[in-house]
Each structure stands twice: as structure tokens, then as C-alpha cells.
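Novice:
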């Protein structure tokens, strides 16, 4: 009989078990930064839950209250899911983890749960699993971002995206990376941008987001934790190969 457990990480458990993504490279800067980021966020109430089957990690979910979220969404009194990942589809792992989040939202007397999805990248959770679990699409943003919500009561306020995306991008002319360490792959993504830019003699500026207020003010996408802008155009919001970086920059030089 399969033995399935949910383990909610705290500082002590994180030290022993580690986070899920990039766990094969525990000495990498990205992995170290992610664990430090998690430790800081635990104090804000962030939940990071791993699903264990027969002593093997098979998935995880990360979520927090909207006022501490790394997603650019107005969602007062909602929980916001940052990440959901499972090792295998069709076994109910995703639903188990989503239900855990919904249970916590009810315990905290929240209005519901929201998640940002985008079919262009695996860096956001897949939309399908949330539609299957009765989430509804309530808003869209440029670059194919979508906002899904599970409302506990139909008459409560719906969350929504900001609307000034064009204005945000237009503030940046020089090659600029806007990032946080909510995702361990941000470090690798940053290195690829810098390597490609250096080959073309283009200077790179990095803005490390200090808090949610800064995130909500300047992030050019709802994803929030990684954006690259050059000459008032969004280059990417996820990792590119060095070759792709050079190609994108050449098109704008």
C-alpha cells in the first residue's frame, strides 16, 4: 500500500530536507538563495508543503497571504499560490496539494485562493489542474498571463491585475534585470542574460526587489520575480539560453 504524507516545512525541517527545485544542485547559488528566501518568508506565514510517497518527494506547493506574495496581483484577503509541481500527472498529487491550500485558506478566514498561470513557460503552474479543481479565470494581462481564482462565496470582491503594464516597461531603456529569489532558477537565468549581453558589449543593470511595495510598483509582469527589459521592451520573464539572449538583443540594437 502506498504511503503518502504531506510535510509542511519550517526552518528546522528545511535544513534537513531542503527545498524541492534544484535539489540536485544543493551547493548552487540559486538553491542557497531560495532556502534563505524561504527562511525569511516563514516568518510571514508562507507555507511550503512537500508531498512524500514511499519516502520519495513527488511534489510540492508554495503559497502565502496576498500582502506577502511574489505575484503582482491585487488580492486582499486571499491566499496566493506561487508554485505547484508534481513528478507525475494522473495520480492526484496536484489535487491533494491544492486541497491543502484551500483548507488553510478557510482556516485563515480568507475569501479564497488565487494563482497566476501562463502557457508560455513551465515557471508558472499549469492552468489545467486548477480548472479541474474549480478555479475560474477572472483576469488577463499581456504576454499571456492569466489570473485564476477559487472563491468561497460568490458575492465577495474578485482579485485583479494592475492595468498599467505598458507604463512599467517604458520606464526602462537600458538592459535591466528585475528579480527576486523566490525561484532558484533566477540565478541561472540572470547568468545567461549577463553572458549574452557581455558578448555584445551591452551593460546590464540588476534590480533586486526589496519588498512587495517595490514589486507592485515596478514589475512589468504579474509573475514578478524575473523580468528583463531593454529599450522599453520586455525581453523575457523566464530563463533563456545564451544564444536566445544574443538573438533577442541583436533584434533591438
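Residue numbers (my numbering): -8 to 244.
No residue lacks a Cβ here, since even glycine has one placed at the ideal position from N, Cα and C.
Note that the coordinates shown come from a computational prediction; the quantities given were computed from them, not determined experimentally.
(1) Taking its Cβ as the centre, do 16 or more other Cβ atoms sit within 10 Å of residue -8, making it buried, or is it exposed?
(2) Straight-line CA distance for residue 142 to residue 61?
(3) Within 10 angstroms of its Cβ, does residue 41 collect 16 or more other Cβ (buried), or is it exposed?
(4) How long is the line joining the alpha carbons of residue 154 and residue 207, rounded to whole angstroms?
(5) How many Å lie between residue 151 and residue 135 at the Cα?
(6) Verify whether the separation of the beta carbon atoms of residue 84 and residue 51 is less than 7 Å.
(7) Is residue 50 near the ligand SAM, going by C-beta to nearest heavy atom under 6 Å?
(8) Put residue 78 into one of helix, strand or coil per three-state DSSP.
(9) Whole alpha helix (DSSP H) runs in the region 120 to 205 with 4 or more residues, listed along the chain?
(10) Is it buried or exposed, residue 187, if we count other Cβ atoms within 10 angstroms and call 16 or more buried?
(11) Does DSSP classify residue 87 as helix, strand or coil?
(12) Counting along the chain, where does the beta strand (DSSP E) carrying residue 227 start and finish?
(13) Can you tell me whether residue 131 is buried or exposed, with buried defined as 16 or more other CB within 10 angstroms of its CB?
(14) Counting only runs that start and end within the region -5 to 46, where is the alpha helix (DSSP H) found for 4 or more residues in a row?
(15) Return the chain-ordered list of same chain residues with a C-beta closer than 7 Å to the C-beta of residue -4, the five sequence neighbours on each side being excluded.
(16) Checking 7 Å against the spacing of the C-beta atoms, do residue 226 and residue 233 come in under that value?
(17) Note down the Cα distance separating residue 184 from residue 231, rounded to an integer number of angstroms.
(18) Measure the CB-CB distance between residue 76 and residue 172 and report whether it falls below 7 Å.
(19) Are there 16 or more other CB atoms within 10 angstroms of the CB of residue 73, so buried, or fewer, so exposed?
(20) Reducing DSSP to helix, strand and coil, say where residue 56 ends up.
(21) Leaving out the 5 sequence neighbours to the left and right, which residues in its chain are closer than 7 Å to residue 103 when beta-carbon positions are compared?
(22) Could you give the first and the last residue of the continuous alpha helix (DSSP H) run that contains residue 233?
Specialist: Per the coordinate set shown:
(1) In this predicted model, residue -8 has a pLDDT of only 41, less than 50, meaning its place in the structure is not dependable; the value taken from the coordinates is given anyway. So residue -8 ends up on the exposed side.
(2) 20 Å
(3) buried
(4) 11 Å
(5) 15 Å
(6) no
(7) For the structure depicted, the ligand SAM is absent and the ligand set is empty, with no information on it obtainable.
(8) coil
(9) 156 to 161, 177 to 191
(10) buried
(11) helix
(12) 224 to 227
(13) exposed
(14) 2 to 8, 20 to 33
(15) 43
(16) no
(17) 8 Å
(18) no
(19) buried
(20) strand
(21) 69, 96, 140, 141, 142, 143
(22) 233 to 243
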